[in-house]
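Report on the following structure.
Protein chains: 2
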Amino acid sequence: MPTFYRVSDFARLAGVTVRTLQYYDRIDLLKPSATTEGNHRLYQRSDLLRLQQILTLKWMGFKLDHIKQMLDSPTYDLKTALLLQKTAIDQQIESLQVASEALERALSVDDIDSYSIDDAHLNQVIRAVMFPQQEWIRSAFTDEAWAGITTRRLQYTDADFQQFERDWRELTDKFAELQHLPADSEPVQALADTMHKYISLFSAGDSEAEEGVRQVWQNRQQMPSDYQMADEALLRFIQHAYEIYIKSEEP
Amino acid sequence: MPTFYRVSDFARLAGVTVRTLQYYDRIDLLKPSATTEGNHRLYQRSDLLRLQQILTLKWMGFKLDHIKQMLDSPTYDLKTALLLQKTAIDQQIESLQVASEALERALSVDDIDSYSIDDAHLNQVIRAVMFPQQEWIRSAFTDEAWAGITTRRLQYTDADFQQFERDWRELTDKFAELQHLPADSEPVQALADTMHKYISLFSAGDSEAEEGVRQVWQNRQQMPSDYQMADEALLRFIQHAYEIYIKSEEP
DNA sequence: CTTGAACCTAACCTTACGTCATACTGTAGG
DNA sequence: CCTACAGTATGACGTAAGGTTAGGTTCAAG
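Those protein sequences? They're chains A and E, same order as listed. Counting with the numbering used here, you get residues 1 to 251 for the letters of the first sequence. Counting with the numbering used here, you get residues 1001 to 1251 for the letters of the second sequence.
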């Protein structure tokens, strides 16, 4: 003779709302173990265990349909699921931290004390937020090309940037391997083509932005040393090959 | 004679989807600066600046209607908004970190290597996740009362717990002030009543859970020293007052 | 003038419920 | 047994920020 709880009592017991229990019932996530003749839900304490599992997994960030799968299939790979979830959460934390730091920088912009907002202000904040110390890059672009670049930049995650860096390094490594060939030879030009496609991707078909990239590339002596690559001869080789490629594409 | 972009070009330029631009148009967040006779949207580069502002703020975690307010009212208090947003994000980070640590603990449960899931397994994981080292508390509760407590616990945020602690300290401080009065005097019993209401809140009307709380309270010598309060005399005073209160309520 | 790509709007889909609106059930008192 | 009235059930609509079709229209090249 088990004790039964009506919805509101059971809800209070578990710290959720009645609506939540009704919802979980409807999506077959948690069914009451009995009902009255009049179709009112009756829960037992044993239902509390299942609800505890559900709420714990939910608290960990799993979605309800995922939780249903986990609880309903006894062969579910829990360890992998937990691992994936932790990875996802850690990624979220990382990008939130980036945003938090950006907000911190935004708050440190002097003029913001005026407590008002106009385009100039806001853009100053945005510049402070997105590109803390890279004025030497910015100077190569027109205002509007720059707006395009910074805007597109927002779409990428940290993982994307890491991939970019890996790709870029791979590309320069390949150039290094072919450094003994003439810059206008076919394999080198093929690399230049790949490089061009990459730059196009970055500038998204924005010709002003592309021009800016070329400027940065050519004025690379101004780069802070952190950004400079070691092998100046290799850089000149790449630049030469790229110029040949561009000329051959724009007759 | 400004250059116009059609939606798809402008979308590519900015790195968003066409649907997003259509949506921003509909909610009056970003209108194209012109349209064709056939009602196709035409954007200019100057629209890109506004879109950049929108996406930057969005990336910071602001909601779109909030962004609209910010951009449309020139007297908007940007600094406060940024500050509030940073606070909110930092809170999110904190609770995600708690979840991440919990998942870490869950992954360190030995038996999980079996790559399967059943109630016992899952509950073991849950226990590891939610209550790392407090077996001394758990031992005072029945399994089901414990399930209720851990489940309710999920509903609370860090801020709630901090509030709990503050309330609790305030309560004990008040007891300390009245320590010169007899335990059955009216002001002391009033405090005991407050304390009882507080415990009831914690146990959500769960009588088994309440009993467990009383057990923990009485066996407080087993607590690790971190949890012990300094003044043992005060504790005995509180316990005495509380016992008198309970007896007077359950005749 | 035709064709195919790009574009338009409208409408439904997603999550995890909250919030009504309306109808029904359970129970205590008379 | 009847009536209040509290509790409950079901269904519909709303949320945020678009994604995803569906079906019709416009653009630009040939």
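Heads up, the beta-carbon is just placed ideally off N, CA and C, and yes, glycines get one too.
Cβ of L1064(E) less than 9 Å from any chain A Cβ? Looking up residue 1064(E) in the second sequence gives position 64. It does not; no Cβ of chain A falls within 9 Å.
Starting from Y245(A), trace the alpha helix (DSSP H) both ways and give me its first and last residue. Position 245 of the first sequence, counting from 1, holds the residue named residue 245(A). Run containing Y245(A): 232 to 249, per the alpha helix (DSSP H) assignment.
Assuming the contact rule is C-beta atoms closer than 8 Å, I246(A) and D184(A) should be a hit. Round their C-beta distance to whole Å, please. As a position in the first sequence, residue 246(A) is number 246, starting the count at 1. As a position in the first sequence, residue 184(A) is number 184, starting the count at 1. Not a contact, Cβ separation roughly 12 Å.
Can I238(A) and T172(A) be called in contact, C-beta distance under 9 Å? Numbered from its first residue, the first sequence carries residue 238(A) at position 238. Numbered from its first residue, the first sequence carries residue 172(A) at position 172. Result yes, Cβ atoms of I238(A) and T172(A) sit closer than 9 Å.
Run of the beta strand (DSSP E) containing L42(A), from where it starts to where it stops: Walking along the first sequence from the start, residue 42(A) turns up at place 42. Element bounds for L42(A): 41 to 43.
Is it true that the CB of R41(A) sits closer than 9 Å to the CB of D25(A)? For the purposes of this step, residue 25(A) is identified with residue 25 of the first sequence, where counting begins at 1. For the purposes of this step, residue 41(A) is identified with residue 41 of the first sequence, where counting begins at 1. Going by C-beta atoms, D25(A) is nearer than 9 Å to R41(A).
Assign Y24(A) to one of three DSSP states: helix, strand, or coil. Taking the first sequence and counting its residues from 1, the one referred to as residue 24(A) is at position 24. Helix.
Quick check: the Cα distance between K86(A) and L1064(E), rounded to an integer number of angstroms? One-based indexing of the first sequence puts residue 86(A) at position 86. One-based indexing of the second sequence puts residue 1064(E) at position 64. In this structure, the straight-line span from the alpha carbon of K86(A) to that of L1064(E) is close to 29 Å.
Rounded C-alpha distance that separates K31(A) from D1009(E): Within the first sequence, residue 31(A) is the residue found at index 31, counting from 1. Within the second sequence, residue 1009(E) is the residue found at index 9, counting from 1. About 51 Å.
Beta-carbon gap between A147(A) and M1060(E) smaller than 9 Å: Walking along the first sequence from the start, residue 147(A) turns up at place 147. Walking along the second sequence from the start, residue 1060(E) turns up at place 60. Cβ atoms of A147(A) and M1060(E): not closer than 9 Å.
Cβ separation of T151(A) and L1103(E), assumed to be a contact under 8 Å, to the nearest whole Å: Numbered from its first residue, the first sequence carries residue 151(A) at position 151. Numbered from its first residue, the second sequence carries residue 1103(E) at position 103. With 8 Å as the limit, T151(A) and L1103(E) do not qualify as a contact, their Cβ atoms being about 34 Å apart.
Pairwise C-alpha distance: Y1242(E) and L1235(E): Your numbering for residue 1235(E) matches position 235 in the second sequence. Your numbering for residue 1242(E) matches position 242 in the second sequence. Cα to Cα, L1235(E) sits roughly 10 Å from Y1242(E).
Report the rounded CA-to-CA distance for L96(A) versus S1033(E), giving the unit in angstroms. Taking the first residue of the first sequence as position 1, residue 96(A) is located at position 96. Taking the first residue of the second sequence as position 1, residue 1033(E) is located at position 33. When rounded, the distance between both Cα atoms is 33 Å.
If you measure from the beta carbon of A1034(E) to each beta carbon in chain A, is any gap under 9 Å? Counting from one through the second sequence, the residue named residue 1034(E) turns up at place 34. No, its Cβ sits nowhere closer than 9 Å to a Cβ of chain A.
Check each residue of the region 1051 to 1062 of chain E: if its Cβ is closer than 7 Å to any Cβ of chain A, include it; give the result in chain order. L1051, Q1052, Q1053, L1055, T1056, W1059, M1060, G1061
What did DSSP end up calling A81(A) once you bin it into helix, strand or coil? Locating residue 81(A) in the first sequence gives position 81, where the first residue counts as 1. Correct three-state label for A81(A): helix.
Determine the direct distance from the alpha carbon of D1167(E) to that of V1188(E), and round the result to whole angstroms. Reading the second sequence from its first residue, position 188 is the one you call residue 1188(E). Reading the second sequence from its first residue, position 167 is the one you call residue 1167(E). Distance between the alpha carbons of V1188(E) and D1167(E): 17 Å.
Along the chain, where does the alpha helix (DSSP H) that runs through Q1066(E) open and close? As a first step, residue 1066(E) must be located in the second sequence, where it is residue number 66. In the sequence under discussion, the amino acid at residue 1066(E) is His, which differs from the Gln named in the question. Residues 1064 to 1072.
Across which residues does DSSP place R183(A) in a beta bridge pair? Position 183 of the first sequence, counted from the first residue, corresponds to residue 183(A). The question names Arg, but residue 183(A) is Ala in the sequence shown. The beta-bridge partner set that DSSP reports for A183(A) is empty.
Contact belief for L1013(E) with Y1005(E) at Cβ below 8 Å, rounded distance in angstroms: Taking the first residue of the second sequence as position 1, residue 1013(E) is located at position 13. Taking the first residue of the second sequence as position 1, residue 1005(E) is located at position 5. About 7 Å separates the beta carbon of L1013(E) from that of Y1005(E), a gap short enough to meet the 8 Å contact definition.
Report the rounded CA-to-CA distance for R214(A) versus T1003(E), giving the unit in angstroms. For the purposes of this step, residue 214(A) is identified with residue 214 of the first sequence, where counting begins at 1. For the purposes of this step, residue 1003(E) is identified with residue 3 of the second sequence, where counting begins at 1. Their backbone Cα atoms lie some 23 Å apart in a straight line.
Out of A1192(E), L1107(E), E1210(E), E1186(E), which has the shortest C-alpha to C-alpha gap to F1141(E)? On the second sequence, residue 1141(E) is found 141 positions in, with the first residue counted as 1. For the residues A1192(E), L1107(E), E1210(E), E1186(E), the minimum Cα distance to F1141(E) belongs to E1210(E).
Can you find a C-beta in chain A that's less than 9 Å from the C-beta of K1079(E)? Position 79 of the second sequence, counting from 1, holds the residue named residue 1079(E). Taking Cβ atoms only, chain A reaches closer than 9 Å to K1079(E), which makes this a yes.
The region 1068 to 1095 of chain E: which residues have C-beta closer than 7 Å to a C-beta of chain A, in chain order? From the region 1068 to 1095 of chain E, only M1070, P1074, T1075, Y1076, D1077, L1078, K1079, L1082, L1083, Q1085, K1086, I1089, D1090, Q1092, I1093 have a Cβ closer than 7 Å to chain A.
I'd like to confirm the pairing. Which residues does DSSP put opposite A1106(E) in its beta bridges? In the second sequence, counting from the first residue as 1, residue 1106(E) sits at position 106. According to DSSP, which records beta bridges pairwise, A1106(E) is partnered with nothing at all.
Anything in chain E within Cβ reach of T172(A), meaning under 7 Å, just list it in chain order. Indexing the first sequence from 1 puts residue 172(A) at position 172. By Cβ distance, chain E contributes nothing, its closest Cβ being about 25 Å from T172(A), past 7 Å.
I'd like to check one pair, E1232(E) with A1145(E): are the Cβ atoms closer than 9 Å? Position 145 of the second sequence, counted from the start, is the residue given in the question as residue 1145(E). Position 232 of the second sequence, counted from the start, is the residue given in the question as residue 1232(E). It is not a contact, given that the beta carbons lie outside the stated cut-off.
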